[in-house]
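Novice:
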Amino acid sequence: MSSNRILRRAAAVLATLALLACSNPVPVHPALWQVDGPHGERAWLFGTIHALPDPVDWHSPPIDAALTASDRMVVEVARIEDAGPVFARLARSIPQPPARERITPALRPAFDRLLDAHKLAASQLDPLETWAVALALQQALARDADIDSAHGIDRALVASYPRRIEELEGAARQLAIFDSLAEADQRALLDGVVKDGSASSVQDDAMARGWAKGDLGPIAAETRRGFMADPELRAALLTDRNRAWSQRLAQLIQQGARPFVAVGAAHMTGPDGLPALLAQQGFNVRRIQ
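So the sequence shown is residues 0 to 288, counted in numbering that gives the first Met the number 0.
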């Protein structure tokens, strides 16, 4: 074989290996806790991220061992495909003022820029309730930043788990939380999404990097900034849910279940997070990854 043919073949092999290397999911090491009760009860808490730009390899010996030892998986929403129809049903009720009029006047120019930048027509948003305008705008920001819920860890876990899967809320109950907010709180949510819109990719990157290495700092920071700094919104979207979930999980564990609990990593942070709340109920909670 000539030297030129050898070089061409070697180049082709190297190109193929490079392509395979690029297509392999990046390994990550998100946070995992083990929860033990006084009579041998056991559960695990795994902080997930709901959307990512690319697939990642989240498997590890501690996570795989916990999945094997568990008897069920507990997630926020098991049937993610239900979210679209539920959103369509809840998002429209009585006629609404134009979406732009429901935003603080000082933020209306930023709202206009976001619509232009993300190719959204006001006519698409005007019929929606205010909370739904906020979520639709947030979804457009994520889509244009190439952040995809198809790469979310929740979906991968649900798709691969071979045993029973239970929902803490389900799509209907989760979206009903937004739908039941007072109009003033819905407008605060929309203002927050508009205000954060230009910085959303930077914030999302920081959260994703923190999640990938098990650093809860950037995630905890996001639970106290933007619209989450509003006490009513923070209570409705985070702390009230955490308290309800911790009580349900405590009952499950005490009844002898061995749940692998996979919910958004924001629900694991600080004194209001699930690890702290379960520890307050007498469980031994320790981080194992």
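Quick reminder that beta carbons are idealized off the backbone N, C-alpha and C, glycines included.
1) My output table needs one value for Leu273: the three-state DSSP class, helix, strand or coil.
2) Output the boundary residues of the beta strand (DSSP E) element that contains Ala42.
3) If you draw a straight line from the C-alpha of Leu156 to the C-alpha of Ile102, how long is it?
4) Is Gln33 buried or exposed, if buried means 16 or more other CB atoms sit within 10 Å of its CB?
5) I need the boundaries of the alpha helix (DSSP H) containing Ile218, first residue and last residue.
6) Give a yes or no on whether the C-beta atoms belonging to Gly225 and Leu113 are separated by under 7 Å.
7) I need the straight-line Cα distance from Gln254 to Gly151, nearest angstrom please.
8) Once DSSP output is grouped into helix, strand and coil, what is the label at Asp63?
9) Within 10 Å of its beta-carbon, does Pro258 have 16 or more other beta-carbons around it, so buried, or fewer, so exposed?
10) Kindly indicate which three-state DSSP category Gln33 falls into: helix, strand or coil?
11) Count the other CB atoms, across all protein chains shown, that sit within 10 Å of the CB of Glu80; report buried if there are 16 or more and exposed otherwise.
12) Are the segment 56 to 69 and the segment 269 to 280 touching by the rule of at least three beta carbon pairs closer than 8 Å?
13) For the putative contact between Ala228 and Pro217, defined by C-beta atoms under 8 Å, what is the C-beta separation to the nearest angstrom?
14) Taking the DSSP output, what are the residues bridged to Asp56?
15) Under a Cβ-count criterion, where at least 16 other Cβ atoms within 10 Å of its own Cβ denotes burial, should Pro231 be classed as buried or exposed?
16) Give the C-beta separation of Met267 and Leu66 to the nearest angstrom, bearing in mind that I take them to be a contact with Cβ-Cβ under 8 Å.
17) Would you kindly work out how many angstroms separate the C-alpha atoms of Ala87 and Asp214, rounded to a whole number?
18) Identify the residues that DSSP records as bridge partners of Asn283: which are they?
19) Per DSSP, Pro258 is paired with what?
20) Let me know if His49 comes out buried or exposed under the rule of 16 or more other beta-carbons within 10 Å of its beta-carbon.
21) So what does DSSP say about Ala278, is it helix, strand or coil?
22) Evaluate Pro29 with the Cβ neighbour count: other Cβ atoms within 10 Å of its Cβ, from every protein chain shown; 16 or more gives buried, anything less gives exposed.
23) Alpha carbon to alpha carbon, how far is Arg242 from Asn283? Give it in angstroms, no decimals.
24) What residues in its chain sit with their C-beta under 6 Å from that of Ala171, if we drop five residues either side in the sequence?
25) Could you give the uninterrupted runs of the beta strand (DSSP E) lying entirely in the segment 158 to 211, keeping only those of 3 residues or more?
26) Report the residue ranges of all alpha helix (DSSP H) runs contained in full by the segment 92 to 144; include only those spanning at least 4 residues, in chain order.
27) Between the alpha carbons of Lys118 and Ala68, how many angstroms are there, rounded?
28) Whole-angstrom Cβ separation of Leu174 and Leu251, contact assumed at under 8 Å?
Specialist: On the basis of the coordinates in this document:
1) helix
2) 41 to 47
3) 38 Å
4) buried
5) 216 to 221
6) no
7) 30 Å
8) helix
9) buried
10) strand
11) exposed
12) no
13) At roughly 16 Å, the Cβ-Cβ gap does not stay under 8 Å, so Ala228 and Pro217 are not in contact.
14) Pro26
15) At residue 231 the sequence reads Glu, which differs from the Pro that was named. Exposed: under 16 other Cβ atoms inside 10 Å.
16) Actually they are not in contact, since the Cβ atoms of Met267 and Leu66 sit about 18 Å apart, beyond 8 Å.
17) 36 Å
18) Asp35
19) Arg71
20) buried
21) helix
22) buried
23) 17 Å
24) Val85
25) 163 to 166
26) 107 to 116, 121 to 124, 129 to 143
27) 48 Å
28) The pair is not a contact, with the Cβ atoms about 24 Å apart (cut-off 8 Å).
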